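Protein chains: 2
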Amino acid sequence: MSNSHNRWTRWFPWLAWRKSYQQSDLVADLLAGAVVAVLLVPQGMAYAMLAGLPPQMGLYAAILPTLLYSLFGSSRSLAVGPVAIASLMTGEAVLAFAEIGSQQYLQLTVQLSLLTGLFLLLLRMLRMGQVVAFLSHAVISGFTAGAAVLIALNQLSHISGISLAGAHGAAELMMTFWQRLEQLNPTTLMIAGVALLLLVLWKSLLPAGLTRLGMSKTLASMLGKAAPMAAVIFGLLVIGLGDYDQSAGVKIVGAIPAGLPEISVVNIFQTPDNQSIWHNLWILAPSAFLIALVGFLESVSVATALAGKKRETIEPDNELFALAIANLGSAVSGTMPVAGGFGRSMVNDAAGAKTTLASVISAVLLLITLLWFTEWFEQLPKAVLGAVILIAVLPLIDIKSILQTWRYNKADGVTLFTSFVAVLVCGVELGILIGIGCSFVLLVWRVSQPHIARVGRVDATGHYRNLKRYPQAQHQGLLLIRVDESLYFANARVVEDSLMQLALAEGQSGHLVLICSGINFIDASALESLERLQTKLQSAGIVLHLAEVKGPVMDRLAATRFIDHLGQGKVFLSTEQAVDYLTQQLEWTI
Amino acid sequence: MSNSHNRWTRWFPWLAWRKSYQQSDLVADLLAGAVVAVLLVPQGMAYAMLAGLPPQMGLYAAILPTLLYSLFGSSRSLAVGPVAIASLMTGEAVLAFAEIGSQQYLQLTVQLSLLTGLFLLLLRMLRMGQVVAFLSHAVISGFTAGAAVLIALNQLSHISGISLAGAHGAAELMMTFWQRLEQLNPTTLMIAGVALLLLVLWKSLLPAGLTRLGMSKTLASMLGKAAPMAAVIFGLLVIGLGDYDQSAGVKIVGAIPAGLPEISVVNIFQTPDNQSIWHNLWILAPSAFLIALVGFLESVSVATALAGKKRETIEPDNELFALAIANLGSAVSGTMPVAGGFGRSMVNDAAGAKTTLASVISAVLLLITLLWFTEWFEQLPKAVLGAVILIAVLPLIDIKSILQTWRYNKADGVTLFTSFVAVLVCGVELGILIGIGCSFVLLVWRVSQPHIARVGRVDATGHYRNLKRYPQAQHQGLLLIRVDESLYFANARVVEDSLMQLALAEGQSGHLVLICSGINFIDASALESLERLQTKLQSAGIVLHLAEVKGPVMDRLAATRFIDHLGQGKVFLSTEQAVDYLTQQLEWTI
Chain A
1 MSNSHNRWTR
11 WFPWLAWRKS
21 YQQSDLVADL
31 LAGAVVAVLL
41 VPQGMAYAML
51 AGLPPQMGLY
61 AAILPTLLYS
71 LFGSSRSLAV
81 GPVAIASLMT
91 GEAVLAFAEI
101 GSQQYLQLTV
111 QLSLLTGLFL
121 LLLRMLRMGQ
131 VVAFLSHAVI
141 SGFTAGAAVL
151 IALNQLSHIS
161 GISLAGAHGA
171 AELMMTFWQR
181 LEQLNPTTLM
191 IAGVALLLLV
201 LWKSLLPAGL
211 TRLGMSKTLA
221 SMLGKAAPMA
231 AVIFGLLVIG
241 LGDYDQSAGV
251 KIVGAIPAGL
261 PEISVVNIFQ
271 TPDNQSIWHN
281 LWILAPSAFL
291 IALVGFLESV
301 SVATALAGKK
311 RETIEPDNEL
321 FALAIANLGS
331 AVSGTMPVAG
341 GFGRSMVNDA
351 AGAKTTLASV
361 ISAVLLLITL
371 LWFTEWFEQL
381 PKAVLGAVIL
391 IAVLPLIDIK
401 SILQTWRYNK
411 ADGVTLFTSF
421 VAVLVCGVEL
431 GILIGIGCSF
441 VLLVWRVSQP
451 HIARVGRVDA
461 TGHYRNLKRY
471 PQAQHQGLLL
481 IRVDESLYFA
491 NARVVEDSLM
501 QLALAEGQSG
511 HLVLICSGIN
521 FIDASALESL
531 ERLQTKLQSA
541 GIVLHLAEVK
551 GPVMDRLAAT
561 RFIDHLGQGK
571 VFLSTEQAVD
581 YLTQQLEWTI
Chain B
591 MSNSHNRWTR
601 WFPWLAWRKS
611 YQQSDLVADL
621 LAGAVVAVLL
631 VPQGMAYAML
641 AGLPPQMGLY
651 AAILPTLLYS
661 LFGSSRSLAV
671 GPVAIASLMT
681 GEAVLAFAEI
691 GSQQYLQLTV
701 QLSLLTGLFL
711 LLLRMLRMGQ
721 VVAFLSHAVI
731 SGFTAGAAVL
741 IALNQLSHIS
751 GISLAGAHGA
761 AELMMTFWQR
771 LEQLNPTTLM
781 IAGVALLLLV
791 LWKSLLPAGL
801 TRLGMSKTLA
811 SMLGKAAPMA
821 AVIFGLLVIG
831 LGDYDQSAGV
841 KIVGAIPAGL
851 PEISVVNIFQ
861 TPDNQSIWHN
871 LWILAPSAFL
881 IALVGFLESV
891 SVATALAGKK
901 RETIEPDNEL
911 FALAIANLGS
921 AVSGTMPVAG
931 GFGRSMVNDA
941 AGAKTTLASV
951 ISAVLLLITL
961 LWFTEWFEQL
971 PKAVLGAVIL
981 IAVLPLIDIK
991 SILQTWRYNK
1001 ADGVTLFTSF
1011 VAVLVCGVEL
1021 GILIGIGCSF
1031 VLLVWRVSQP
1041 HIARVGRVDA
1051 TGHYRNLKRY
1061 PQAQHQGLLL
1071 IRVDESLYFA
1081 NARVVEDSLM
1091 QLALAEGQSG
1101 HLVLICSGIN
1111 FIDASALESL
1121 ERLQTKLQSA
1131 GIVLHLAEVK
1141 GPVMDRLAAT
1151 RFIDHLGQGK
1161 VFLSTEQAVD
1171 YLTQQLEWTI
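So this is what it looks like as structure tokens:
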């Protein structure tokens, strides 16, 4: 019984939460679901706009995918649906192969969702969730900040009414904006300005104000989170009262077809004309893989942070699977890739979500909106959506964390800066790849500069320490050298040269003990280098010994002829043993 | 005096050798120079052919560059001049932008030499000779073997008489060869076959045979090295006697302009039409950098190997400078990039070269050839040159070393194989970059799987060892964990998760000691991860301690707030101290 129970909860984590679910939890989930839904309507439409899709696509992406995540996800408060960065990446990927508004654009988007889901599924099957470990904190910080700036620049068009179509990358967007400045639509700019002001003030001042007026703190904070909806209502009122879409050319969202997305597997595989579906999947694969990676990373980071606060745990394998299914859900709903969003998850959690039931509620509320209330939003100025996106992505630029990284370690700082600039100059996809490349090169560079210390005995303690740091340490004329790094191709030559120099400069004793306590691995280049060093030392009349060789390293060396070639050289369990043996031997020879 | 003397010898290493130079050395150098010159004539023409250049260009590349290297080089027997891989890379680089035989092709070649020299000079000025450390042994083996196969496939055309113009990459070359098989010229194939047989047999059988006939061993071995010249003479005789170039369409070298190369700085900067020189330099830069890197690496490897045999030393800085000047010499002579060749240097050394005077001799002999004997070589069948190249590059495929690498470490084996295949499929330049990328990714992958051991005291010795390897080791109920790897982004999460799991599974003592003897660096991602771990452990009522933190790591940690946040946690100098302190504390609390 218990086994089969475990089997089910392994796939459906919510089954385990059911037992302790109380009525008060239900109330909390209902409330949180409603708050998130109010946020989702404008954000969904805005992110669809960012991806170059019709507004309803953003809402579709928050129904079936969200419901599927609720079934399989292990995070109680992660809000899965359309997110800013994945939307930007979708737009960038699909725009390379189709024109906005074309049938092909929609089909490529759906196929991108399919591929993103399949890649996540593949990662799950290969148990490769750890692949996100290859994205360093610095790359993520720089990439996220760069993407946020790029998203913000993309909003310039909606906020000012100036068309920036055809412009890619930060520099081109700004240039085009500047060149077409005379196209600026003052009414649009005004609406955007007021919406921005409303968003900022509502969020920061309203809750405190309402509390002071006697409203309960919880309710006041809930109302504070409805800022985007307030901006939407403002936008609708302005257009409704002034007809600025007609009179002043303010761009509005326009017709949103009512009704639910058509759930269809067949649509995914349709291609226009005679194009092969394989061709599409092939050209979209790199983008889909990056969206899967970045989406998974964002989701797991947010989920882990939220779970940590409540002492819950996140199962990365569950998350991979749940996100995979959610993206496949996006594909069958005919919309764009999804992920767990940073901002909305925070709101969901702060609004009191207890389980994924909150997400189910918000999905149902969106469904109701789509069925009966789409008309309400057709008059919405795009400028307001632009303002909503702007406010949503600004927190992604985490200046404090950027400064901290720079201060702690310059190499990480360089990676962060490179990722940031690369995203702005070369776009999100190439940008993150350049960032990853930079972090790899700097890791190899770090490995290539190993710390090499001549050590001596710190008396009485029996410990051997760097002579430069412990001048009182005794070396009894022996050359005891500790290399504080695994030996890889990147440092093999440096280590070889440094040891040879040290040996020739001071090797009166005729012995060199290489202390391997910091050596966790020796690759083929380094083994060759060690063999060469041993030969050179031998010709110079110096015997090479090893000490404190770790188990796994010794196993590997034992399989080669290196140990045999050591000749007079020995392998000591500890430095102390080496010193005892060699000083004794030196006394004998004297 | 001595100081100024040192200053001079620092730049001109041969000044130091002059003092001990004897008459016998002069005889040896003269002989070695002559042997190398005999080899250089066919090889120079063959490598020019490989680079898509007229045959005299290969000879030009062995005069001024060789003389300049003799002035500045620190290796006594390195033979600098045209080499196989650099020629292949030159051809690949220039062919992308110009047609073989055009004026532009020649100019781009010269500009490539200029850039190669400038990059080497830049590396010298930045003292970045260590940059070759980024090329792992596996990448070099795979790359060299792949390039050798590619060079061999390129000879198919000369050996068979089938035109392979327009075909790039191994697969295309073979496909084209197969498709045009009916173009096969039997006479050409026959000449190539006999030349190959002659080369193999001459080299392997002649010296032994001559010695048995009573010739001195040295002379016999010298004559053995003249195999390529023997093949050349055979080729000239065949064409001279049979007129097969007219009657059977055998392709011959054709007119070689007599006289010396025009030494000109102006020619370097000429561009056809209105093209900007900067544009040329820009498009050639990546290729030039790779040629500089590979050429420097090949030269230093050969020079080090030869110097090692005679207990001499090579100064990488000198070599960088000398090679830079040699390549600038190539540019002003209007020819292609040069490097220290593997095969010819071996021959030079084996023929008894004592100093770089041997290279001066061979350069002078080539100069004489160019002045008065070029006519002799005009009737030479290209098939013979193809055979000479084939025999020259075969030793670059070092099967034994490849198998050894594979056996020692599968990751290096994968890198080797990837580099090999990538060169064949994508060409030399992209191939070596893919190989380097592969070696970097695998290094990061290796780092991402750190060895984490729970340790205990091996009694009496005071040493702490892995409990799995030393079952007798005692841990007194304490959780002592050693991580055998620096903490980078690539392994931060794995370490965090593993430590947390270990702590939750066994942490009855309420303490976790992280032994940092294997940790040589902690990057920003890992620091964040450690902070997160500390917080999580604290919530679980477990105190995190550190032990054996290395000096540089401690300095860095001390600059952050991590140590303050440890709270009750302490930093112990040694594991022993940590155990003493904690067991005492546990006894107190009991």
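So the sequence lines, in the order shown, correspond to chains A and B. Just so it is clear: in the first sequence, position 384 is 384 by the numbering used here, and no numbers are missing. Just so it is clear: in the second sequence, position 174 is 764 by the numbering used here, and no numbers are missing. By construction, the Cβ of each residue, glycine as well, lies at the ideal position given by its N, Cα and C atoms. Here the structure is a predicted model, which is why all the values come from computation and not from measurement.
Residues of its chain near residue i, where Cβ-Cβ distance is below 6 Å and the 5 sequence neighbours each way are ignored
{"i": "glycine 58 of chain A", "result": "Gly44, Met45, Tyr47, Ala48, Pro82"}
{"i": "methionine 679 of chain B", "result": "Ile881, Val1018"}
{"i": "leucine 910 of chain B", "result": "Leu710, Leu713, Arg714, Gly719"}
{"i": "alanine 226 of chain A", "result": "Val38"}
{"i": "serine 2 of chain A", "result": "Note that serine 2 of chain A scores a pLDDT of 47, beneath 50, so its modelled location is shaky; the value from the coordinates is reported in the next line. Nothing meets the Cβ criterion."}
Cβ of residue i within 7 Å of any chain A Cβ
{"i": "threonine 995 of chain B", "result": "yes"}
{"i": "histidine 1053 of chain B", "result": "yes"}
{"i": "leucine 1127 of chain B", "result": "no"}
{"i": "leucine 1033 of chain B", "result": "yes"}
{"i": "serine 592 of chain B", "result": "Only weak support exists for where serine 592 of chain B lies, its pLDDT of 47 falling under 50; the value from the coordinates is given anyway. Taking Cβ atoms only, chain A never reaches closer than 7 Å to serine 592 of chain B, which makes this a no."}
{"i": "serine 854 of chain B", "result": "no"}
{"i": "histidine 869 of chain B", "result": "no"}
{"i": "serine 731 of chain B", "result": "no"}
{"i": "tyrosine 998 of chain B", "result": "yes"}
Nearest-angstrom beta carbon gap, residue j and residue i [assumed within contact, 8 Å]
{"i": "isoleucine 252 of chain A", "j": "leucine 380 of chain A", "result": "6 Å"}
{"i": "asparagine 1110 of chain B", "j": "valine 1073 of chain B", "result": "The pair is not a contact, with the Cβ atoms about 11 Å apart (cut-off 8 Å)."}
{"i": "isoleucine 904 of chain B", "j": "alanine 893 of chain B", "result": "5 Å"}
{"i": "valine 729 of chain B", "j": "leucine 1014 of chain B", "result": "The Cβ separation is near 15 Å, so there is no contact."}
{"i": "leucine 1156 of chain B", "j": "leucine 1134 of chain B", "result": "6 Å"}
{"i": "proline 822 of chain B", "j": "valine 974 of chain B", "result": "Looking at the sequence shown, residue 822 of chain B is not proline but valine. Right, the Cβ-Cβ distance comes to about 6 Å (below 8 Å), so this counts as a contact."}
Proximity test, Cβ basis, 7 Å: residue i and chain B
{"i": "valine 579 of chain A", "result": "no"}
{"i": "glycine 295 of chain A", "result": "no"}
{"i": "histidine 545 of chain A", "result": "no"}
{"i": "phenylalanine 289 of chain A", "result": "no"}
{"i": "alanine 145 of chain A", "result": "no"}
First and last residue of the uninterrupted alpha helix (DSSP H) at residue i
{"i": "alanine 1116 of chain B", "result": "1114 to 1129"}
{"i": "leucine 1104 of chain B", "result": "Leucine 1104 of chain B -> not in any alpha helix (DSSP H); beta strand (DSSP E) instead, spanning 1101 to 1105."}
{"i": "leucine 630 of chain B", "result": "613 to 640"}
{"i": "isoleucine 1022 of chain B", "result": "1018 to 1037"}
{"i": "alanine 1093 of chain B", "result": "1079 to 1096"}
Residue range of the beta strand (DSSP E) that includes residue i
{"i": "valine 458 of chain A", "result": "452 to 458"}
{"i": "tyrosine 659 of chain B", "result": "Here tyrosine 659 of chain B belongs to no beta strand (DSSP E); instead the alpha helix (DSSP H) covers 654 to 662."}
{"i": "alanine 547 of chain A", "result": "543 to 547"}
{"i": "arginine 770 of chain B", "result": "First-last for arginine 770 of chain B: undefined, no H or E at that position."}
{"i": "arginine 482 of chain A", "result": "479 to 483"}
7 Å CB neighbourhood of residue i in its chain, flanking five on each side removed
{"i": "leucine 1182 of chain B", "result": "Because chain B spans 591 through 1180 in this model, residue 1182 of chain B falls outside it and cannot be assessed."}
{"i": "asparagine 938 of chain B", "result": "Ala622, Val626, Ser667, Ala669, Ala948"}
{"i": "tryptophan 598 of chain B", "result": "Leu605"}
{"i": "serine 920 of chain B", "result": "Ala651, Pro655, Ser703, Met926, Pro927, Val928"}
Close-in-space but distant-in-sequence residues of the same chain around residue i (CB under 8 Å, 5 per side omitted)
{"i": "alanine 170 of chain A", "result": "Val149, Leu150, Leu153, Leu424, Val425"}
{"i": "valine 571 of chain A", "result": "His545, Leu546, Ala547, Val549, Met554, Ile563"}
* Asked: If contact means a Cβ-Cβ distance below 8 Å, which residues of the segment 553 to 574 of chain A contact chain B?
  -> Cβ contacts with chain B: Arg556, Ala559, Thr560, Leu573, Ser574.
* In the segment 470 to 496 of chain A, which residues sit with their C-beta less than 8 Å from some C-beta in chain B, listed in chain order? -> Those residues of the segment 470 to 496 of chain A that come within reach of chain B (Cβ to Cβ, closer than 8 Å) are Asp484, Glu485, Ser486, Tyr488, Phe489, Ala490, Asn491, Ala492, Arg493, Val494.
* Asked: Using a beta-carbon distance cut-off of less than 9 Å, what residues from the segment 1104 to 1130 of chain B approach chain A?
  -> Cβ contacts with chain A come from Ser1107, Gly1108, Ile1109, Asn1110, Phe1111, Ile1112, Asp1113, Ala1114, Ser1115, Ala1116, Leu1117, Glu1118, Ser1119, Arg1122, Thr1125, Lys1126, Ser1129, Ala1130.
* Asked: Looking at chain A, which residues of the segment 833 to 852 of chain B have a Cβ within less than 9 Å of any of its Cβ atoms?
  -> Considering only beta carbons, no part of the segment 833 to 852 of chain B lies closer than 9 Å to chain A.
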